[in-house]
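J.: Take this structure first; my questions come after.
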């Protein structure tokens, strides 16, 4: 019995040894001498930095070498070469051609550092398996691979890559490319598995699919991220056995072709992350073998087809990030109910679905993930939710749900691990013990207050906690702080929490701590070295900042530090060298004094620096020129002196937002600022600057181009995205921008002692939306070409010494919401346009101006206005004027009912419009009622 057990153990470990790719050998086989020499030659040209090929030595049996498998049936010839993931580099010597019986070659997950795929691989006639995935190859895929007629598996899955904070893929090397036609693919008649992910085949003609269609044995086709722009039509389908099709992450903008719905064997279909349009055809219900369907991140419109209910084998369905609409009950209350017995993951998030969740949700008994975030769903949660005993993730936030959620809704959810909801009222007993053990609790605005939720104490596996905006008051319980050793993300912001913060040193996992907008007092806490983002803004924390900065615990990894809107005092200490990874520093609206320390120049990764509204003084240290990654500098409302440093323009080439408002800078505006081609916002107002505006400002190309609406996002190691914010002062009001910050293009040089003429070059900044040169000593005329700045929304030249006529071209400034030309020496008639006649106070203090909207009319002695370009004779002007007055009432009626009529008929538009108006009013109210900026 004991001997039999030993034999079984030996056989077991022998099987493990033979099945492990990177430690394979062939027991009993004797190496072919010719092939042994060929392998040694092959090794000589490789770089084996990890010494994983140490077994490849002269005088030894090559069939026992690492990664080699021999076959006795072929006179101990090498049949498999498995070198997966050995960190190899160097060259691939053609000595491999001596391996006449080689049928399996795996070079994947190595780093051949940008060499080409050797064309000689096409001469290894017996190859059935070829894996070159993520091995660092670049260049053209050799067409000689088409000679491998026995090949069943081919994987050329792109170069090694990383995914950044924006979700963008960055390869270490350039992608492999296919140059010309793919006709050679048609020779691989035995091919079953083809993976060319991240191989650029955009240079191939639109017939690329026709070549692949010639592969009758194909079971799996993966062309993800191949830069395709469409899916061609096919007259017939040859790869009828296809089971997996992945065309994700391309630029496909066409509809789904009809031939695709005829793939009766298809089990997995991935078209996500494209620009596919149109509706999802009801023919999708014919793909009855489907187990996984992913159409997310596209432009699909219309309703979710009812025929999805026919897919009795479907386990995963992802239609998120589209423009689907209609009642969600149509999906859950389908006619056959077949899908309810198989579906395990359902993602309909980020669409425009409406209605309430029906009670039939409870029939989806196998459901493990339900994601309905960011839709227009309403009503209350059905109590049948408690029947989903397999549910692990419930994500329903950013809808308009209402009503009360009680313990009953969660009664059967004992497998639940991720819970994300908002707006609903969680009315739970104080002594409630949940049946689940959450890992993620994201319960923003769930009316959990006023007491801190006691049931969290039972959650022993929780890592992500978001209880923000829940009206929770009082102190945070000690037991909760003791749980911090397991928490990686903590957000208690926007509550009414009080007391002092304990030192947050216990957690080896903490990466993000967000406790802003509470009533915390005391000094700054010490934090664990693992914390990457810390936001304690808008509290009543006092004392010196040195308590935190000068007491590091090990090698600090903090990247985001937000302490604005507190009562911090004292000087900025010389302790910044401990915080090498900082990218964003926000210390605005405190009582910090002193100078900017030299050690801040050691923050080489710094991208955003906000020190506004403090009592800092002195000159800017030249060490800051080392912070070449800076995008934002906000030093407003301090006491900084000296001249604006030239090194700002010389060294900080990535700068987009420069705010030095309300300081004591003097001297001229340095010409070097003209090098800042990325600059969108320049605010030098309320200083003691003199001299003229540099004529080279027309080099500020970010103010020249017209920008698209998008958010400016900084990388966040915790949340994935982190919105930068900046302020714009217009009409005397400071407005904070975040989501629309990328649109902000502004120049404010007001309240200085600048002189000379306004340079004509300034008018080439066509992308500017706000320009303020008021309260200076500018002379001369307003530049004639100012009308070319067609995006201007705010223009202020008041309180200068400008003279001459108001340029006729200003009638082209149709977006102006604020205009101030008051208190200058302007003269002549105000140009006639609906926009310019809407500002009365804008022309005060100019004695020589006349015409509407001013009461003094122009007489015949007034110098006539120069005609606008393209004007016809007086008769034609009169005809056009008559048509204007005739069409004015009609235009009013069409415009009125075109806008309000749609709002009356379209409920979703009406709700969105009034939500937008309410949001704008709230922002304006907050700006006017508080002097604490967000950052």
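In mature numbering (1 follows the signal peptide of the UniProt record, and there is no 0), the protein residues as written are -19 to -1, 1 to 916.
Every residue, glycine too, gets a C-beta built ideally from N, C-alpha and C.
Which of the three DSSP states is assigned to residue 542 in this structure?
T.: In the structure shown, residue 542 sits in a strand (DSSP, three-state: E or B).
J.: Could you tell me if residue 381 is buried or exposed, where buried requires 16 or more neighbouring beta carbons within 10 angstroms of its beta carbon?
T.: With fewer than 16 Cβ atoms within 10 Å of its Cβ, residue 381 is classed as exposed.
J.: For residue 551, which of 535, 598, 564 and 512 has the nearest alpha-carbon?
T.: The candidate whose alpha carbon is nearest that of residue 551 is 598.
J.: Would you kindly work out how many angstroms separate the C-alpha atoms of residue 534 and residue 558, rounded to a whole number?
T.: Each residue's alpha carbon lies about 13 Å from the other.
J.: Does the separation of the CB atoms of residue 48 and residue 63 fall below 7 Å?
T.: Yes. Within cutoff.
J.: Among the residues of its own chain, which have a CB less than 8 Å from the CB of residue 963, if the five just before and after it don't count?
T.: What the structure shows of the chain is the stretch from -19 to 916, and residue 963 is not part of that stretch, so it cannot be assessed.
J.: By the three-class DSSP mapping on this structure, what secondary structure does residue 382 have?
T.: In the structure shown, residue 382 sits in a strand (DSSP, three-state: E or B).
J.: Name the DSSP beta bridge partners of residue 638, please?
T.: According to DSSP, residue 638 bridges with 613 and 662.
J.: Between which two residues does the beta strand (DSSP E) harbouring residue 515 extend?
T.: Its beta strand (DSSP E) spans residues 514 to 516.
J.: Return the CA-CA distance between residue 290 and residue 211, expressed in angstroms with no decimal places.
T.: Whole-angstrom Cα-Cα distance: 28 Å.
J.: To the nearest angstrom, how far is the alpha carbon of residue 267 from that of residue 103?
T.: Each residue's Cα considered, the two are about 40 Å apart.
J.: Assign residue 810 to buried or exposed, taking buried as 16 or more other Cβ atoms, counted over all protein chains shown, within 10 Å of its Cβ.
T.: Buried is the call here.
J.: Run through the region 481 to 510 for me and flag every whole beta strand (DSSP E) of 3 or more residues, listed as ranges in chain order.
T.: Listed in chain order, the complete beta strand (DSSP E) runs (minimum 3 residues) inside the region 481 to 510 are 493 to 495.
J.: Whole angstroms is fine: what's the gap from residue 820's alpha carbon to residue 620's?
T.: Approximately 36 Å between the Cα atoms of the pair.
J.: Would you be able to state if there are at least three C-beta pairs under 8 Å between the region 667 to 675 and the region 723 to 743?
T.: Contact between the region 723 to 743 and the region 667 to 675 is present, because at least three Cβ pairs lie under 8 Å.
J.: Taking the Cβ atom as the reference point for each residue, do residue 202 and residue 169 lie within a distance shorter than 7 Å?
T.: Cβ distance not < 7 Å, so residue 202 and residue 169 don't count as in contact.
J.: Looking at the unbroken alpha helix (DSSP H) that takes in residue 16, where does it start and where does it end?
T.: Segment 14 to 25, the alpha helix (DSSP H) holding residue 16.
J.: To the nearest angstrom, how far is the alpha carbon of residue 304 from that of residue 522?
T.: Approximately 45 Å, taken between the alpha carbons.
J.: Quick check on DSSP: helix, strand or coil for residue 219?
T.: Here residue 219 sits in coil by DSSP.
J.: Any idea what DSSP makes of residue 61, helix, strand or coil?
T.: Residue 61 falls in the strand class under three-state DSSP.
J.: So for residue 92, helix, strand or coil by DSSP?
T.: Three-state result, residue 92: coil.
J.: Do residue 173 and residue 192 have their C-beta atoms within less than 7 Å of each other?
T.: Contact flag unset, no.
J.: Under DSSP, the beta strand (DSSP E) around residue 529 begins and ends at which residues?
T.: No beta strand (DSSP E) contains residue 529, which is instead part of the alpha helix (DSSP H) from 527 to 530.
J.: Around the Cβ of residue 920, are there at least 16 other Cβ atoms within 10 angstroms (buried) or fewer (exposed)?
T.: Because the chain is modelled from -19 through 916, residue 920 falls outside the range shown and cannot be assessed.
J.: In the structure shown, what three-state DSSP assignment does residue 667 receive?
T.: Reduced to three states, the DSSP call for residue 667 is coil.
J.: Look up residue 270 in the DSSP assignment and give the residues it is bridged to.
T.: Beta-bridge pairing links residue 270 to no other residue.
J.: I'd like the list of long-range same chain contacts for residue 341, defined as Cβ closer than 6 Å, with 5 residues on each side in sequence excluded.
T.: Contacts found: 313 and 314.
J.: Below 8 Å, can you find three or more Cβ-Cβ pairs linking the region 382 to 392 to the region 341 to 354?
T.: As far as the Cβ criterion goes, the region 382 to 392 does not touch the region 341 to 354, which means the pair count is below three.
J.: From the DSSP output, which residues share a beta bridge with residue 50?
T.: Paired residues: 61.
J.: So, with DSSP's three-state summary, where would you put residue 623?
T.: Residue state, collapsed to three classes: coil.
J.: Can you tell me whether DSSP reads residue 826 as helix, strand or coil?
T.: Of the three classes helix, strand and coil, the one that applies to residue 826 here is coil, per DSSP.
J.: Can you tell me whether DSSP reads residue 5 as helix, strand or coil?
T.: The predicted model places residue 5 with a pLDDT of 46, which falls under 50 and marks its position as unreliable, so this point remains unresolved.
J.: Which class does residue 333 belong to by DSSP, given the choice of helix, strand or coil?
T.: Strand.
J.: Relative to the alpha-carbon of residue 743, which residue among 676, 686, 785 and 617 has its alpha-carbon at the smallest distance?
T.: Nearest of 676, 686, 785 and 617 to residue 743, Cα basis: 676.
J.: State the beta-bridge partners of residue 728 as determined by DSSP.
T.: According to DSSP, which records beta bridges pairwise, residue 728 is partnered with 663 and 752.
J.: Just verifying my parser: in three-state terms, what is the DSSP assignment at residue 894?
T.: Bear in mind that a pLDDT of 46 at residue 894, under 50, signals an unreliable position, so the model cannot answer this.
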